[in-house]
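Q: Mind looking over this structure? Questions follow.
Numbering (the UniProt record's numbering), first residue to last: 1 to 261.
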């Protein structure tokens, strides 16, 4: 059975440093980049791993990564999007909780809380709501106010902040729940690389957790306590180094010891 390699995007695979021949991923305020050396390492690993991207981004924000990797010979077999609210093969994803009407919830929130601090709804999200502010500080101010209004409407919601964005999603939706729904029993045996607090729910459960120097301190502590790998360098060099020293599956090592291909 092929092992899954689960990868977060922002500040894990993608970094802000522009490099020649990198995969550029445009954003609302700035681009992020996937280094050519990272793509080459993933192309090699895809011969023995199924590549799964697990991100808080929407499909709109993830599709350039999938397309760029495909052009570099890296097939992406699955995606977890919107911090676990969507999952499935690329472009064939499905909601984790198909029973919610997010447009109806958005309308009710706008009616209930007209005096919230300024924000805009990010329209590319399909299975959750994302309120975007101009600064992280404004998002921190918005979070408790929007949370109070949202939970009055539906106690089964979960709200959290990611930079300048506030997510309104289902309480059961997170990356680990979506990975189990996507991979089944293979989720627990996966290799995983992530850097954010929202990655802890699944890095704490996969067989081989990894992270980068410069990740959230709680993530670094979790990975070290689990016996996983922490890169010595940050950024593009850090993710490349983790991918290059990824352990081979036991079956592949056995074949090499026997002198096989």
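Think of the CB as a built atom: it goes at the ideal place given N, C-alpha and C, for glycine as much as any other residue. All values derive from a computational prediction rather than experimental measurement.
Quick one, which of 43, 120 and 208 has its alpha-carbon nearest residue 73's?
A: 43
Q: Under a three-way DSSP split, which group does residue 128 fall into?
A: The DSSP-derived three-state label of residue 128 is coil.
Q: Where do the ends of the beta strand (DSSP E) carrying residue 165 lie?
A: In this chain, the beta strand (DSSP E) harbouring residue 165 covers 165-170.
Q: What are the complete alpha helix (DSSP H) segments, minimum 4 residues, inside the UniProt domain "FCP1 homology" (5-73)?
A: 36-45 and 59-71
Q: Is there a C-beta anywhere in chain D that falls below 8 Å from the one on residue 240?
A: As a matter of chain content, chain D is missing from the structure shown, which is built from one protein chain.
Q: Check whether the region 91-99 and the region 230-238 are in contact - that is, three or more C-beta pairs closer than 8 Å.
A: no
Q: Please list, in chain order, all residues of the same chain as residue 122 whose beta carbon is under 6 Å from its beta carbon, the five residues on each side excluded.
A: 130 and 132
Q: Please list the terminal residues of the continuous alpha helix (DSSP H) segment that includes residue 211.
A: Element bounds for residue 211: not the alpha helix (DSSP H) but the beta strand (DSSP E), 208-211.
Q: Would DSSP call residue 152 helix, strand or coil?
A: helix
Q: Who are the Cβ neighbours of residue 143 in its own chain at under 8 Å, not counting the five residues just before and after it?
A: 159, 160, 161 and 166
Q: So residue 77 is in the beta strand (DSSP E); what residue range does that whole segment cover?
A: 76-81
Q: Hey, could you find the ends of the beta strand (DSSP E) residue 88 is sitting in?
A: DSSP places residue 88 inside the beta strand (DSSP E), whose first and last residues are 86-88.
Q: Return yes when the Cβ of residue 36 is within less than 8 Å of the Cβ of residue 50, no when it is not.
A: no
Q: In whole angstroms, give me the CA-to-CA distance for residue 111 and residue 5.
A: 43 Å
Q: In angstroms with no decimal places, state the Cα-to-Cα distance between residue 80 and residue 58.
A: 9 Å
Q: Can you list, in chain order, the residues of its chain whose CB lies under 8 Å from that of residue 101, leaving out five sequence neighbours each side?
A: none
Q: Since residue 2 is in the beta strand (DSSP E), which residue starts that stretch and which ends it?
A: Per DSSP, residue 2 is not a residue of any beta strand (DSSP E), being assigned neither H nor E.
Q: Under the assumption that residue 191 contacts residue 213 (Cβ atoms under 8 Å), give the Cβ distance between them as a whole number of angstroms.
A: Contact flag wrong, Cβ pair sits at about 18 Å.
Q: Tell whether a beta-carbon distance below 8 Å holds between residue 174 and residue 84.
A: It is a contact, given that the beta carbons lie within the stated cut-off.
Q: Check whether the Cβ atoms of residue 65 and residue 19 lie closer than 8 Å to each other.
A: no
Q: Of the choices 119, 184, 126 and 201, whose alpha-carbon is the least far from that of residue 164?
A: 119
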